[in-house]
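Peer 1: Protein sequence lines correspond, in order, to chains A and B.
Quick note, the first sequence lines up with residues 159 to 632 if you use my numbering.
Quick note, the second sequence lines up with residues 6 to 787 if you use my numbering.
Ideal placement from N, C-alpha and C gives every residue a C-beta, glycine not left out.
For reference, the structure I am asking about is given below.
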Amino acid sequence: MPPPLPTLAIPTLFLILIASAVSCSSLPPEDGIRIVSAEKRIDLTAPIVKVFLTLKVENAPTANDDASQVLLAFTPTEAQHLSIVKATRAEGKRKNKSYVPLPVEASDLDTTAPNGARLYSVLLSSPLKPGEATTLQVLYVLTHSLEPFPAEVSQSEPELVYYRDSAVLLSPYHVLEQVTYIKMPSNRIESFTRVDPTSRAGTEVKYGTYHNQMPSSYLPILVHYENNRPFAVVEELVRKVEISHWGNIQITEQYKLKHGGARHKGVFSRLEYQSRPSISGASSFKNLLARLPPRVHSVYYRDEIGNISSSHLRTDSHKSELEIEPRYPLFGGWHCTFTIGYGLPLQDFVFESVDGRRYINLTFGCPLLDTVVDDLTIKVVLPEGSKNPQPVAPFVTEKHLETSYLYLDVVGRPTVVLKKKNVVGEHNVPFQVYYEFNPIFMMAEPSMLISAALLFFIACIAYLHMDLSIGKSS
Amino acid sequence: MAEPVVSPAAAGGGGRLRNAFGGVLCAFTLLLIGVLAFSIRLFSVIKYESVIHEFDPYFNFRVTQFLSKNGIYEFWNWFDDRTWYPLGRVIGGTVYPGLTLTAGTIWWLVNSLNIPLSVETVCVFTAPIFSANASWATYLLTKEAKGTGAGLMAAAILAMVPSYISRSVAGSYDNEAVAIFALIFTFYLYVKTLNTGSLFYATLNALSYFYMVCSWGGYTFIINLIPMHVLLCIVTGRYSSRLYIAYAPLVILGTLLAALVPVVGFNAVMTSEHFASFLVFIILHVVALVYYIKGLLTPRLFKVAMTLVISVGLAVCFAVVAILVAVVASSPTKGWSGRSLSLLDPTYASKYIPIIASVSEHQPPTWPSYFMDINVLAFLIPAGIISCFLPLSDASSFMVLYLVTAVYFSGVMVRLMLVLAPAACILSGIALSEVFGVLTRSIKFQLSKLFDDSPAASGESSPESSTNSNKSENRNEKSETAPKERPSKKNRKKEKEVAESVPVRPRKEKRLLALPFELSVMGILLLIVLGGFYVVHCVWAAAEAYSAPSIVLTSRSRDGLHVFDDFREAYAWLSHNTDVDDKVASWWDYGYQTTAMANRTVIVDNNTWNNTHIATVGTAMSSPEKAAWEIFNSLDVKYVLVVFGGLVGYPSDDINKFLWMVRIGGGVFPHIKEPDYLRDGQYRVDAQATPTMLNCLMYKLCYYRFVETDGKGFDRVRGYEIGKKHFKLTHFEEVFTTHHWMVRIYKLKPQKNRVRGKLKKAKSSAKTSSTLAAGRKKNPWQ
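Right, dumping it as structure tokens:
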């Protein structure tokens with residue numbers, strides 16, 4: 159079992175709850191910390207915004223205490239759309255440099271931050287002594303942060319979006335030197351806010367270098383550019399995993415898909431869509447790629463009115479790729495629903511742990527590439543007769559237990575339900591569900607069937623040998 | 006199934022083991038026949054997918070979904086507001102609930118066992134399950150008439166008869182799938198009652214009839230055929246108490262039960278379809294009374310009484326009949342429903358009800374369709390009829406009557422070929438079984454003569470060989486003995502004794518009439534070839550001709566299979582990207598599918614109960630754009646859906662159905678005149694088409710921007726270039742067209758804002774148009 163990853167993405171809903179839970183153990187912000195240099199790279203090429211921060215953090219020589227955490231600040235809007243925050247720390251010298259993942263938690267110090275900014279704390283693996291410096295790499299992912307403008311486009315128009323951020327790093331610390339890069343997918347940039355020094359080179363806009371920024375400084379910028387990448391948003395995904403100890407794991411995934419970009423306006427002309435595919439419907443998309451585990455079998459792709467015949471499956475020994483096309487190309491604001499189902503060999507995913515319990519090891523998240531899942535539900539249906547189910551996920555999820563009844567079940571199957579909001583590709587990491595199972599329960603249903611057949615034959619024999627007539631017929 | 010095991014066992018101690026073995030073999034054969042009937046219908050699932058087929062099954066599926074979700078009481082009270090907008094439809098009271106309740110029960114049963122089958126899966130497999138049931142029912146029916154051998158043969162033939170397959174492949178979730186089983190089973194119980202005189206079977210018969218009434222409007226066939234047979238029996242002097250028991254309870258119980266079904270209700274006593282059964286009911290009682298009096302009086306007194314009664318009775322009868330005729334004649338349709346009338350008078354529908362005539366399955370069949378649907382059975386039927394007359398029993402006369410009426414009905418409507426199929430199977434089964442019986446017996450006889458000349462041994466072997474078909478005796482012998490024996494057959498036991506004794510007696514003659522050895526072997530081989538031909542044809546028909554679900558089309562080209570899934574593409578688009586209460590107008594063929602797959606409100610659907618409403622849509626489709634917009638707008642329509650096959654060559658599209666839109670529309674709204682659309686008596690959309698045609702909405706919606714695909718506008722279905730190539734739409738806008746252009750969806754543009762300067766002009770034109778509308782009855786919804 160891999161160690162739980164030190165990442166923590168917290169849906170805003172649970173922020174307060176968890177913050178209060180952490181409060182008793184956390185420390186006040188160290189006064190001595192300052193950021194010597196910060197580099198912020200914003201990747202706007204996809205509908206999902208990825209921000210890479212490289213922070214060189216120093217504990218001032220004058221500080222009294224060791225620093226055990228570094229705080230990151232987000233605006234309330236960012237915090238709302240924040241999907242995941244990951245941090246690593248560079249350790250060792252140049253030759254054998256390695257990046258150690260660090261745990262990130264929502265901090266309880268929100269009250270001290272101005273204007274409702276949310277703080278996340280990166281817990282350092284080893285405290286920073288006064289005068290010491292270290293380099294942190296932070297990645298955070300924002301969803302639904304690109305606002306289409308114009309909000310409605312017709313079939314032949316490209317899609318333009320706004321992105322709002324700050325030219326300088328929002329931080330509770332002093333920032334001595336910092337620079338921000340914004341990378342766009344194409345040369346077509348309508349406008350961008352100038353906060354000198356600002357320069358543009360091709361698809362990239364550079365803000366900075368700025369010096370000596372005070373804590374909590376914020377310089378709003380707005381970038382307006384063209385983004386025709388598919389804005390595929392899965393509004394709701396329910397993944398149902400059924401484990402059968404007869405050798406199969408059946409996975410059923412129900413998708414509610416939406417094109418989250420600028421709304422489609424006016425007519426849809428198939429003629430133009432077919433004859434001029436490059437211009438017409440530039441912002442629409444018609445296929446998606448799902449990455450499934452290797453050795454997948456009996457794959458199906460359908461919706462509520464039957465099979466959808468446009469899909470391709472490619473398998474090799476490392477992975478399987480399922481390319482699916484919805485029934486119609488999706489334009490802005492159009493919806494569709496579909497179901498993907500497949501079977502997996504049991505031995506690839508269910509193992510026995512050292513303490514005799516069994517566990518299933520599956521990937522969290524959504525197999526579709528480059529999509530945002532607003533609302534993810536994973537249901538792991540354990541075999542009938544299993545006990546003490548216990549999910550282990552690397553991040554906070556809402557979880558509860560259910561009982562489902564399938565295939566002649568009498569007592570029902572324990573079902574672990576995990577729910578998470580705002581899921582992106584970075585969440586595709588393994589999670590486990592531990593449970594106890596006695597193989598004798600595998601025989602329950604076959605023996606029921608056998609006894610039913612036996613009873614039927616006995617009843618037949620009895621009926622044929624009995625005379626049920628009341629009087630003798632003459 | 007207990008029957009074949011028990012009854013031969015009672016026959017004698019010596020053959021007990023052999024009979025038990027025969028019984029098990031028979032049961033096993035029946036099981037295999039059931040498996041065959043089920044599995045031959047799975048081609049559609051294997052070749053395509055597990056999906057509901059065509060049009061009507063989608064409605065049934067939707068009703069079943071409603072039933073399984075809301076329960077039976079909600080179902081009876083269901084008023085569906087998603088169809089026939091703005092009228093709606095009372096589903097609970099206008100639908101034959103048999104199929105829905107059957108599938109709903111199966112679904113409930115399966116789900117209470119925690120087997121997670123969806124309603125759709127249950128619906129898809131209902132028809133194959135019931136065809137297995139139907140073949141078992143055929144076995145029972147034929148066995149009553151001609152014994153086990155003929156029964157097995159008939160069951161095997163029915164299991165794969167193409168005519169029935171066409172209606173019961175997996176996914177063809179239609180009333181007929183269940184109704185054919187109910188039909189055969191009702192006939193079986195009737196014949197069984199007739200043979201045994203048991204009130205138990207008579208009650209079962211009424212219940213089975215009730216199930217049939219629940220399932221299909223074709224129940225009127227039963228309630229007319231059985232009285233006809235009763236009448237036939239009376240006329241031919243075969244009246245017996247068994248006949249009375251078989252018929253009287255059926256009429257009373259059956260009519261009461263039938264009246265319980267909401268869709269039938271008081272029709273069970275009020276309409277002319279049921280009249281014959283009551284008339285025969287009275288006649289039967291009169292005859293029963295006559296027989297009773299005949300038993301009381303001496304022959305001379307009886308004669309006197311007879312003349313008296315007849316003279317008085319006839320007078321009363323005439324009076325009653327005259328009153329009835331007057332009552333019936335006072336109603337315009339003579340008390341018959343349109344569909345029944347079009348059966349009695351094949352030209353009726355095309356004259357008065359174009360909506361019935363417009364359905365292709367209501368057309369008379371062509372000769373090849375007989376060969377397609379019942380294949381070699383068509384040639385075996387005459388032989389079956391002959392063997393039914395040798396000897397003519399109550400049961401076999403019923404078979405002949407069933408066949409003759411079914412042949413007539415199938416000749417009127419191609420759809421009723423389905424009713425003919427079981428009759429054809431039964432009679433062919435009888436014929437084949439008889440011929441096999443004769444041939445194998447003569448082979449056996451010749452063989453024994455060849456190897457062993459002792460007459461005793463051969464005498465022993467010959468009756469034993471004919472145990473399976475012990476009623477298939479020598480023809481001369483039987484025809485002589487049968488009439489004499491008839492009165493003595495008081496009950497079942499005696500009948501059986503006679504049947505047992507018959508093959509023993511004609512032993513001598515049979516030996517003389519045995520066919521030559523070579524001829525028999527040849528005959529058997531030829532029959533096997535014939536049977537093989539039939540099987541091959543059936544499998545071909547099941548696999549190629551009847552398994553296409555019609556909502557998804559495939560074509561094979563050099564670079565593999567090409568799938569045309571345009572219908573579902575359009576329905577999925579409608580269901581996900583339009584507002585849930587939007588109204589969609591299309592020709593009525595697509596109504597059921599739109600409500601079931603897209604879950605949108607439609608104006609008209611395949612339940613063609615309101616001719617005016619359909620005519621309104623037909624009128625809109627055949628009007629120019631502005632008038633059509635007004636009609637659709639007054640109906641709250643937001644989207645208009647047309648099916649267009651011109652790009653890929655899909656022939657059953659709306660342009661080819663346009664003739665009926667004009668005809669039905671013109672039937673109600675006279676300003677639509679069919680000749681306006683015709684050029685030299687033909688519907689054309691090419692350069693020679695009439696201007697009315699080229700300006701009507703249907704033409705415009707189908708061919709909008711079509712010319713830009715290839716530059717010429719070549720229509721692949723009609724095989725010519727279209728007449729008007731470049732035009733613009735002013736009141737409609739294209740919102741969706743499927744991948745192969747097979748379904749095109751247009752949205753009604755909102756009304757334009759009034760421009761101040763044009764106010765006066767607009768007002769005056771509105772005035773004229775409104776007076777025009779009033780004068781010409783343009784739109785009934787304003």
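1) Just verifying my parser: in three-state terms, what is the DSSP assignment at serine 136 of chain B?
2) Name the chain B residues whose beta carbon is nearer than 8 Å to that of phenylalanine 426 of chain A?
3) Less than 7 Å between CB atoms is the rule here; does methionine 311 of chain B satisfy it with respect to chain A?
4) Closer than 9 Å by beta-carbon distance: list the chain B residues that pair up with tyrosine 517 of chain A, in chain order.
5) Taking Cβ-Cβ distances shorter than 7 Å, what residues in chain A pair up with asparagine 582 of chain B?
6) Going along the chain, which residues of the segment 619–640 of chain B sit with their C-beta nearer than 7 Å to a C-beta in chain A?
7) So what's alanine 617 of chain A in DSSP terms, helix, strand or just coil?
8) Would you tell me roughly how many angstroms separate the C-alpha atoms of arginine 23 of chain B and threonine 153 of chain B, rounded to the nearest one?
9) Which bits of chain A does leucine 118 of chain B rub up against, with CB to CB less than 8 Å?
10) By alpha-carbon positions, which one of A:Ser303, A:Met601 and A:Leu294 ends up nearest to alanine 237 of chain A?
11) By DSSP's criteria, phenylalanine 60 of chain B is part of a beta bridge. Which residues make up the other side?
12) Strictly by DSSP, which residues pair up with glutamine 295 of chain A?
13) Taking beta-carbon pairs under 7 Å, can you tell me which members of the segment 447–480 of chain A lie near chain B?
14) If you measure from the beta carbon of arginine 421 of chain A to each beta carbon in chain B, is any gap under 7 Å?
15) In this structure, does DSSP put leucine 41 of chain B in helix, strand or coil?
16) Is it buried or exposed for aspartate 685 of chain B, if we count other Cβ within 10 angstroms and need 16 for buried?
17) Note down, in chain order, each residue of its chain lying with its Cβ closer than 6 Å to the Cβ of lysine 537 of chain A, except the 5 sequence neighbours on either side.
18) Go through its chain and collect everything with a Cβ distance to glutamate 393 of chain A's Cβ below 7 Å, but skip five positions before and after it.
19) Anything in chain B within Cβ reach of arginine 485 of chain A, meaning under 8 Å, just list it in chain order.
20) Residues in the same chain with beta-carbon distance under 8 Å from isoleucine 193 of chain A, minus the five sequence neighbours each way, listed in chain order, please.
21) Looking at the structure shown, is arginine 387 of chain A part of a helix, part of a strand, or coil, going by DSSP?
22) Which whole-angstrom value is the C-beta distance of alanine 436 of chain B and leucine 385 of chain B, which I expect to be below 8 Å?
23) Take phenylalanine 389 of chain A and list the residues in its own chain whose beta-carbon comes closer than 7 Å to its own, dropping the five residues that flank it on each side.
24) Do we get a CB-CB distance below 7 Å when we pair leucine 612 of chain A with the residues of chain B?
25) Going by DSSP in three states, glutamate 290 of chain A sits in which element: helix, strand or coil?
26) Assign valine 405 of chain B to buried or exposed, taking buried as 16 or more other Cβ atoms, counted over all protein chains shown, within 10 Å of its Cβ.
27) Give a yes or no on whether the C-beta atoms belonging to threonine 338 of chain A and lysine 198 of chain A are separated by under 7 Å.
28) Buried or exposed for histidine 581 of chain B, going by 16 or more other Cβ atoms inside 10 Å?
29) Are the C-beta atoms of tyrosine 563 of chain A and some chain C residue less than 7 Å apart?
30) Give me the chain B residues within the contact set of leucine 429 of chain A, using Cβ-Cβ distance strictly less than 7 Å, ordered along the chain.
31) Taking only beta-carbon positions, decide if valine 56 of chain B is within less than 7 Å of chain A.
32) I'd like to know whether the C-beta atoms of valine 183 of chain B and serine 220 of chain B end up nearer to each other than 7 Å.
33) Compare the C-beta of methionine 747 of chain B against all C-beta atoms of chain A and say whether one is closer than 7 Å.
34) With a CB to CB cut of under 6 Å and the five nearest residues on each side skipped, what residues in its chain are close to proline 161 of chain A?
35) Thinking C-alpha only, which one of A:Ser241, A:Pro259, A:Arg421 and A:Pro503 is nearest glutamate 249 of chain A?
36) In angstroms with no decimal places, state the Cα-to-Cα distance between tyrosine 78 of chain B and phenylalanine 441 of chain B.
Peer 2: In terms of the structure at hand:
1) Looking at serine 136 of chain B - three-state DSSP - the assignment turns out to be helix.
2) Result: Glu739, Val740, Phe741 and Thr742.
3) Taking Cβ atoms only, chain A never reaches closer than 7 Å to methionine 311 of chain B, which makes this a no.
4) Within 9 Å Cβ-Cβ: nothing; tyrosine 517 of chain A doesn't reach chain B, min ~25 Å.
5) Within 7 Å Cβ-Cβ: Trp492 and His493.
6) Under the 7 Å Cβ criterion, the segment 619–640 of chain B contributes no residue.
7) Alanine 617 of chain A falls in the helix class under three-state DSSP.
8) Computed Cα separation, rounded: 15 Å.
9) Those within 8 Å of leucine 118 of chain B in chain A are Leu566.
10) Nearest option by C-alpha distance: A:Ser303.
11) According to DSSP, phenylalanine 60 of chain B bridges with nothing at all.
12) According to DSSP, glutamine 295 of chain A bridges with A:Thr212 and A:Thr246.
13) Taking 7 Å as the upper bound on Cβ-Cβ separation, chain B lies near residues Asp461, Ile463, Gly464, Asn465 and Ser467 of the segment 447–480 of chain A.
14) False, the Cβ-Cβ gap to chain B never drops below 7 Å.
15) In this structure, leucine 41 of chain B counts as helix in the three-state DSSP scheme.
16) Burial call: exposed.
17) If we look at lysine 537 of chain A and ignore the five residues flanking it on each side, its Cβ neighbours are Lys398, Thr573 and Val575.
18) A distance below 7 Å between beta-carbons, with the five flanking residues on each side excluded, links glutamate 393 of chain A to the following residues of its chain, in chain order: Lys414, Lys416, Asp532 and Asp533.
19) Asp570, Arg573, Glu574, Ala577 and Trp578, listed in chain order.
20) Excluding sequence neighbours, isoleucine 193 of chain A sits near Leu213, Lys214, Val215, Glu216, Leu327, Ser329, Tyr331, His332, Val333, Leu334 and Gln336.
21) Here arginine 387 of chain A sits in coil by DSSP.
22) Sure, about 5 Å apart at Cβ, within 8 Å.
23) Answer for phenylalanine 389 of chain A: Pro205, His417, Gly418 and Gly419, listed in chain order.
24) For leucine 612 of chain A, the answer is no, since every Cβ of chain B falls outside 7 Å of its Cβ.
25) Taken through DSSP and simplified to helix, strand or coil, glutamate 290 of chain A comes out as coil.
26) Buried, since its Cβ has 16 or more Cβ neighbours within 10 Å.
27) The answer is yes: Cβ separation under 7 Å.
28) When all chains shown are included, histidine 581 of chain B counts as buried.
29) No chain C is part of this structure, whose protein chains are labelled A and B.
30) In chain order: Arg710, Glu713 and Thr714.
31) Chain A contact via Cβ: present.
32) It is a contact, given that the beta carbons lie within the stated cut-off.
33) Chain A, which has no Cβ nearer than 7 Å to the Cβ of methionine 747 of chain B, makes this no.
34) In this prediction, proline 161 of chain A scores a pLDDT of 44, lower than 50, which makes its location untrustworthy; the coordinate-derived value is nonetheless stated afterwards. Closer than 6 Å at Cβ, skipping near neighbours: no residue.
35) It is A:Pro259.
36) Roughly 53 Å between the two C-alpha positions.
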